[in-house]
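A.B. asks: The following block contains the structure, expressed as structure tokens.
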Amino acid sequence: MSQRILLIYNPRAGKGQFLSALSSVIDLFTKAGLAVEVYPTQGPGDAVNKIAGLRDDYAMIVPAGGDGTLDEIVTGLMRGRKDIPVGYIPVGSTNDFASSLSLSNNIIEAVGDIIDGEPRGIDVGIFNIEHVFIYIAAFGAFTEVAYETNQDLKNMFGHAAYLLEATKRLADLKAYEIQVNAENYSMREEYIFGMVTNSISVGGIKNITGTDVRLDDGLFEVTLIRNPKNILELQEIIGCLLMQNRDTDLIDSFKTSWVELEAVHEIPWTMDGEYGGSWKRVRIENRKQAFRLLLEPERAFIGEN
Numbered sequence: 148m149s150q151r152i153l154l155i156y157n158p159r160a161g162k163g164q165f166l167s168a169l170s171s172v173i174d175l176f177t178k179a180g181l182a183v184e185v186y187p188t189q190g191p192g193d194a195v196n197k198i199a200g201l202r203d204d205y206a207m208i209v210p211a212g213g214d215g216t217l218d219e220i221v222t223g224l225m226r227g228r229k230d231i232p233v234g235y236i237p238v239g240s241t242n243d244f245a246s247s248l249s250l251s252n253n254i255i256e257a258v259g260d261i262i263d264g265e266p267r268g269i270d271v272g273i274f275n276i277e278h279v280f281i282y283i284a285a286f287g288a289f290t291e292v293a294y295e296t297n298q299d300l301k302n303m304f305g306h307a308a309y310l311l312e313a314t315k316r317l318a319d320l321k322a323y324e325i326q327v328n329a330e331n332y333s334m335r336e337e338y339i340f341g342m343v344t345n346s347i348s349v350g351g352i353k354n355i356t357g358t359d360v361r362l363d364d365g366l367f368e369v370t371l372i373r374n375p376k377n378i379l380e381l382q383e384i385i386g387c388l389l390m391q392n393r394d395t396d397l398i399d400s401f402k403t404s405w406v407e408l409e410a411v412h413e414i415p416w417t418m419d420g421e422y423g424g425s426w427k428r429v430r431i432e433n434r435k436q437a438f439r440l441l442l443e444p445e446r447a448f449i450g451e452n
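For the sequence shown, the numbering used here assigns the number 148 to the initial residue and increments by one for each residue that follows.
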């Protein structure tokens, strides 16, 4: 097996802090007996093309960036039909996927975990056949809330900051009439928000996707929020989500390996925090353990005690 690795980083992720640690990162990998090839991404989509077009054999690919960078790496691997282990250095602003796996946000510690890591299979989402996402596909009212809430507010008020941001948007809520079909599930309802997730963290909020979440079980967690009639119902919805309590008729949630949604009109979607186009019909499938992520052996996996 090749002992070469491809270190691919987003120069703009995390305010560029990775650049100051780059030489130390290369030194650590070199001391571990790995020859490092470095590639800075040149813009959106560049990492996808780089990985999909790889001709050389690598022991691992190490992306340094946010969840979007990791998304591009996994997309490239799947498009190129390559099976190369991935070691993730999370240096983005939100890092929901890294948070789900409790990956270190200390760059040097993250490198050490990768060097000592073992490959674990991770599920991948396929959106309308050709689009790949690693932790979330979402539509509707709160799609931007978690990403646009001021970070100072998050630090000061925690979950209440999201409530404040969301309630400001009540007048702009738009309900979509959608027929939802999945394994052992069928419902037609008006929804203001929906997310199909393989993560325990969304927008920096942990456990918002439900309980007993695993990233390798071939199942998504689906959360659909019905149209609230007033501000009190909206507050009930947000409170239930933040308190990890789904005991309300206003939230439909279930697990499934696939889900189909058909709307009366086109709905804008986001995938892993990036715009994913507008669609009337959507089919989302879970590809069980479609890529391998390097994790330190003693780290408890999602769902494990």
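The beta carbon of each residue, even a glycine, is placed where N, CA and C say it ideally should be.
#1: Thinking just about the alpha-carbon of each residue, which of M225, E432, A206 is nearest to the one in A329?
#2: Starting from V369, trace the beta strand (DSSP E) both ways and give me its first and last residue.
#3: Would you give the residue range spanned by the beta strand (DSSP E) that S251 belongs to?
#4: Going by beta-carbon coordinates alone, are G215 and N252 separated by less than 9 Å?
#5: Within this structure, are the beta carbons of I398 and T358 separated by less than 9 Å?
#6: Following the continuous beta strand (DSSP E) through G234, name the residue where it begins and the one where it ends.
#7: Return yes when the Cβ of E443 is within less than 9 Å of the Cβ of D243, no when it is not.
#8: Decide if R373 is buried, meaning its Cβ has at least 16 other Cβ atoms within 10 Å, or exposed.
#9: Below 8 Å, can you find three or more Cβ-Cβ pairs linking the stretch 416-432 to the stretch 192-211?
#10: Please name the residue or residues paired with K402 in a DSSP beta bridge.
#11: Buried or exposed for Q298, going by 16 or more other Cβ atoms inside 10 Å?
#12: Leaving out five residues on either side along the sequence, give the residues of the same chain with a beta carbon under 7 Å from the beta carbon of G365.
#13: Are F135 and M418 touching if we call contact CB-CB under 9 Å?
#14: Report back the beta-carbon spacing between I378 and V360 to the nearest angstrom; my notes put them in contact at under 8 Å.
#15: Can the beta-carbon of Y323 be found closer than 9 Å to that of V406?
#16: Leaving out five residues on either side along the sequence, give the residues of the same chain with a beta carbon under 7 Å from the beta carbon of L217.
#17: Thinking C-beta only, is V343 closer than 9 Å to E368?
C.D. replies: Concretely, from the data shown:
#1: Your numbering for residue 329 matches position 182 in the sequence shown. Among M225, E432, A206, the Cα nearest to that of A329 is on E432.
#2: The residue labelled residue 369 in the question sits at position 222 within the sequence shown. Here the beta strand (DSSP E) through V369 covers 367-373.
#3: In the sequence shown, residue 251 corresponds to position 104, counting from 1. For S251, there is no enclosing beta strand (DSSP E), since its DSSP letter is neither H nor E.
#4: Counting from 1 along the sequence shown, the entry for residue 215 is found at position 68. Counting from 1 along the sequence shown, the entry for residue 252 is found at position 105. No.
#5: Sequence index remark: in the sequence shown, residue 398 carries index 251 (1-based). Sequence index remark: in the sequence shown, residue 358 carries index 211 (1-based). Against a cut-off of 9 Å, the Cβ pair of T358 and I398 comes out as no contact.
#6: Numbered from 1 along the sequence shown, position 87 holds the residue referred to as residue 234. That residue, G234, is in no beta strand (DSSP E); it is neither H nor E in DSSP.
#7: Along the sequence shown, read from residue 1 onward, the residue named residue 243 stands at position 96. Along the sequence shown, read from residue 1 onward, the residue named residue 443 stands at position 296. Not a contact, by the Cβ cut-off of 9 Å.
#8: One-based indexing of the sequence shown puts residue 373 at position 226. Per the 10 Å Cβ criterion, buried.
#9: Using a Cβ-Cβ distance cut-off of 8 Å, the stretch 416-432 and the stretch 192-211 are not in contact, since fewer than three pairs of beta carbons, one from each stretch, lie closer than that value.
#10: Working through the sequence shown from its first residue, we reach residue 402 at position 255. Paired residue(s): E368.
#11: For the purposes of this step, residue 298 is identified with residue 151 of the sequence shown, where counting begins at 1. In this prediction, Q298 has a pLDDT of 49, which is less than 50 and means its spatial position is unreliable; what the coordinates show is noted afterwards. With fewer than 16 other Cβ atoms within 10 Å, it is exposed.
#12: The residue you call residue 365 lines up with position 218 of the sequence shown. Correct list, in chain order: D270, S404, N433, K435.
#13: Given a span of 148 to 452 for the chain in the structure shown, any question on residue 135 remains unanswerable.
#14: Position 231 of the sequence shown holds residue 378. Position 213 of the sequence shown holds residue 360. So it is not a contact: roughly 30 Å between Cβ atoms.
#15: Numbered from its first residue, the sequence shown carries residue 323 at position 176. Numbered from its first residue, the sequence shown carries residue 406 at position 259. Judged by their CB atoms, Y323 and V406 are not nearer to each other than the 9 Å cut-off.
#16: Here residue 217 corresponds to residue number 70 of the sequence shown, with the count starting at 1. The residues are P210, Y235, F244, I281.
#17: For the purposes of this step, residue 368 is identified with residue 221 of the sequence shown, where counting begins at 1. For the purposes of this step, residue 343 is identified with residue 196 of the sequence shown, where counting begins at 1. Contact flag set, yes.
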